[in-house]
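Heads up, the thing below is written out as structure tokens.
Residue numbers (my numbering), protein chains in the order written: chain A, 17 to 239; chain B, 3 to 249.
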């Protein structure tokens, strides 16, 4: 146990850092994707609704490990070999970020859509009756209320995404699980290695969910 | 108060359906400047839908609605601009829950660049004073009683300086002891010469304030006239039947 910590401790911490980096990058783009597709889901435009629904259904219907292989190996192969003439190559970090952003973005879109729909339609009607445009009413009245109801589910999604980064060990991105596999291979101490990795995840996620609770509480007090 | 030389709202052969359900079958009426029109009728008669067609919260299926000479059923009309001149008060108040009372009142004037933020605040305070809630600027909607919320909602609509006010059962969601304070604000408004269309179940209010009462049933206007004519001496059987039930 001590041997792992003293010899591989820094290496594992570095891997944890890359895990967090990957999660943050993925989440950042997932928020953008989620907001766009979520709003498309509530617009009074049939085409937008359908596009949003198809995106969500497709991404939710494919396991992330398949998505990861598809983006990392499949997409460059498609451009470089099937079409030919391209030289597309994705780093594991790029592919991992795209996977997380798409996967988490689809769930985010559902959270955003449900959040907006949970706001009483009277709020939109009252804003429109004053002459505000749809966009103004959305920005100033509906979204601020929707976001408040979204926050708990949002944080939950945050944690799920952080854990999902471990799936991306399969495309060779040296995040925590991928690194731990190497440690195990070198030391043969599988019990100790995975216990340490488990505790590392546990600590980070506990800190995250605790601070999330605090934010939630503060928001509900301050209206 | 009624100025018959100026028509504010002109409705011609208005029809509205939801799928195969026809809610408004054929409504035509003109509303003059300064006129207070009360629309009464049993629930499901289409009176709220009629009101919501006047500012296009409901899309009209057929017929025309002309506000101040602008046909709002036409695609060329900028509906947002027309709505700026039509205040609306809802049964469930619909105050913006994320904003305090002052921001509720200033949001639209400032966003639509009707005036500067400072001017909007001055006007908002004046309107709040008018409805007797000058001390509530910093409160949030959830901290007010129903009657107070509805008075704020009226003040919010007035901040846009509208020519026409639409009221959709403004007292139906209120506790009985709060109805009076809201009706009083509406009476004051009527006395100032505001053009008002009010969907209501308050027959006493209609008798006292309305210039004209419209009785609707089954998507048609069954009877219209002065409160004297419609409420006290109704001619149609359905009107008599309805008034017997509510009075």
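The beta carbon of each residue, even a glycine, is placed where N, CA and C say it ideally should be.
>> I'd like to know whether the C-beta of residue 180 of chain A is nearer than 9 Å to at least one C-beta of chain B.
In response: Under the Cβ criterion of 9 Å, residue 180 of chain A is not counted among the residues facing chain B.
> What does residue 94 of chain B touch in chain A if you count any residue whose Cβ is under 9 Å from its own?
Replying inline: Under the 9 Å cutoff, chain A gives 136, 138.
> Where are the beta strand (DSSP E) runs, 3 residues long or more, that stay fully inside the stretch 185-215 of chain B, in chain order?
Replying inline: At a cut-off of 3 residues, the continuous stretches assigned as beta strand (DSSP E) that sit fully inside the stretch 185-215 of chain B are 197-201.
> For the stretch 146-176 of chain A, which residues have a CB atom closer than 7 Å to at least one CB atom of chain B, in sequence order?
Replying inline: Cβ contacts with chain B: 146, 147, 148, 149, 152, 156, 157, 160, 161.
>> On the criterion of 16 or more Cβ atoms from any shown chain inside 10 Å, does residue 230 of chain B qualify as buried, or is it exposed?
In response: By the neighbour-count criterion, in which a residue is buried when 16 or more other Cβ atoms sit within 10 angstroms of its Cβ, residue 230 of chain B is exposed.
> Helix, strand or coil for residue 15 of chain B per DSSP?
Replying inline: Residue 15 of chain B sits in a strand when the DSSP states are folded into three classes.
> According to DSSP, is residue 174 of chain B helix, strand or coil?
Replying inline: The answer is coil: DSSP assigns residue 174 of chain B none of H, G, I, E or B.
>> Taking the straight line between their C-alpha atoms, what separation do you get for residue 133 of chain B and residue 155 of chain B?
In response: C-alpha separation (whole angstroms): 10 Å.
> Would you call residue 185 of chain A buried or exposed, if buried means 16 or more other Cβ atoms sit within 10 Å of its Cβ?
Replying inline: Counting C-beta atoms within 10 angstroms of its own C-beta, residue 185 of chain A has 16 or more neighbours from the protein chains shown and is therefore classed as buried.
> Taking just the CA atoms, how far does residue 249 of chain B sit from residue 236 of chain B?
Replying inline: A straight-line Cα-Cα distance of about 13 Å links residue 236 of chain B and residue 249 of chain B.
> Skipping 5 residues on each side, what residues in its chain have a beta carbon closer than 8 Å to that of residue 249 of chain A?
Replying inline: Lying outside 17 to 239, the shown extent of chain A, residue 249 of chain A is not represented and no answer is given.
> Nearest to residue 83 of chain A by alpha carbon, out of A/116, A/97, A/73, A/100?
Replying inline: Closest by alpha carbon: A/116.
>> Using beta carbons (cut-off 9 Å, strictly below), is residue 85 of chain B in contact with chain A?
In response: Under the Cβ distance rule, residue 85 of chain B counts among the residues neighbouring chain A, one pair being separated by less than 9 Å.
>> On a Cα-Cα basis, can you pick out the residue from B/210, B/47, B/57, B/88 that is closest to residue 228 of chain B?
In response: Nearest C-alpha to residue 228 of chain B: B/210.
> Taking one C-beta from the stretch 146-161 of chain A and one from the stretch 118-132 of chain B each time, how about it: are there three or more such pairs within less than 8 Å?
Replying inline: Counting Cβ pairs under 8 Å, fewer than three are found: no touch.
>> Between residue 148 of chain B and residue 27 of chain B, how many whole angstroms is the CB-CB distance? I'm expecting something under 8 Å.
In response: Between residue 27 of chain B and residue 148 of chain B the Cβ distance is about 34 Å, and since that is not below 8 Å, they are no contact.
>> If contacts are defined as beta-carbon pairs under 8 Å, then residue 17 of chain A and residue 200 of chain A qualify, I think. What distance do you get, rounded to the angstrom?
In response: With 8 Å as the limit, residue 17 of chain A and residue 200 of chain A do not qualify as a contact, their Cβ atoms being about 13 Å apart.
> Going along chain A, which residues have a C-beta under 8 Å from residue 167 of chain B?
Replying inline: None at all; the shortest Cβ gap to chain A is about 11 Å.
> Would you say residue 122 of chain A faces chain B, with C-beta separation under 9 Å as the test?
Replying inline: Judged by the 9 Å Cβ criterion, residue 122 of chain A is not in contact with chain B.
> Which residues mark the beginning and the end of the beta strand (DSSP E) in which residue 129 of chain B is found?
Replying inline: Taken as a continuous stretch (DSSP letters only), residue 129 of chain B belongs to no beta strand (DSSP E), being part of the alpha helix (DSSP H) at 119-132.
> Of all the residues that make up the stretch 102-127 of chain B, which are near chain A by a beta-carbon distance shorter than 8 Å?
Replying inline: Per Cβ criterion, the list reads 109, 110, 113, 114.
>> Could you give the first and the last residue of the continuous alpha helix (DSSP H) run that contains residue 47 of chain A?
In response: Here the alpha helix (DSSP H) through residue 47 of chain A covers 25-58.
>> Let me make sure I understand the geometry here. Which of B/131, B/108, B/42, B/199 has the alpha-carbon closest to that of residue 122 of chain B?
In response: Among B/131, B/108, B/42, B/199, the Cα nearest to that of residue 122 of chain B belongs to B/108.
> If you count every other CB in all the chains shown that lies within 10 Å of the CB of residue 104 of chain A, and 16 or more means buried, which is it?
Replying inline: Residue 104 of chain A comes out exposed.
> At which residues does the alpha helix (DSSP H) containing residue 191 of chain A begin and terminate?
Replying inline: Segment: none, residue 191 of chain A is in no alpha helix (DSSP H) and carries neither H nor E.
> Taking the alpha carbon of residue 129 of chain A as the point to measure from, which residue in A/47, A/100, A/189 has its own alpha carbon closest?
Replying inline: Answer by Cα proximity: A/47.
> So, is the C-beta of residue 239 of chain A closer than 9 Å to a C-beta in chain B?
Replying inline: In this prediction, residue 239 of chain A scores a pLDDT of 48, lower than 50, which makes its location untrustworthy; the coordinate-derived value is nonetheless stated afterwards. Cβ-Cβ to chain B under 9 Å: yes for residue 239 of chain A.
>> If you reduce the DSSP assignment to three classes, tell me which class residue 238 of chain A lands in.
In response: Residue placement at residue 238 of chain A cannot be trusted, given a pLDDT of 47 that sits under 50; the coordinates are not used to answer.
>> Looking at the secondary structure, which residues open and close the beta strand (DSSP E) in which residue 89 of chain B lies?
In response: Unbroken beta strand (DSSP E) run through residue 89 of chain B: 88-91.
> Just how far apart, CA to CA, sit residue 191 of chain B and residue 166 of chain B?
Replying inline: Near 11 Å, if we compare the C-alpha coordinates of residue 166 of chain B and residue 191 of chain B.
> Once you ignore the five residues that flank residue 24 of chain B on each side, which residues in its own chain have a CB closer than 8 Å to its CB?
Replying inline: Excluding the 5 residues flanking it on each side, residue 24 of chain B has same chain C-beta neighbours closer than 8 Å at 17, 18, 221, in chain order.
>> Less than 6 Å between C-beta atoms, sequence neighbours within five positions excluded: which residues of the same chain meet that for residue 196 of chain B?
In response: Cβ within range, chain order: 167.
> What do you get for residue 150 of chain B, buried or exposed, if any count of 16 or more other CB atoms within 10 angstroms of its CB means buried?
Replying inline: Its Cβ being crowded by 16 or more others within 10 Å, residue 150 of chain B is buried.
> In chain B, which residues lie with their C-beta within 9 Å of the C-beta of residue 141 of chain A?
Replying inline: Within chain B, the residues 54, 59, 90, 92, 96 have their CB atoms less than 9 Å from the CB of residue 141 of chain A, given in chain order.
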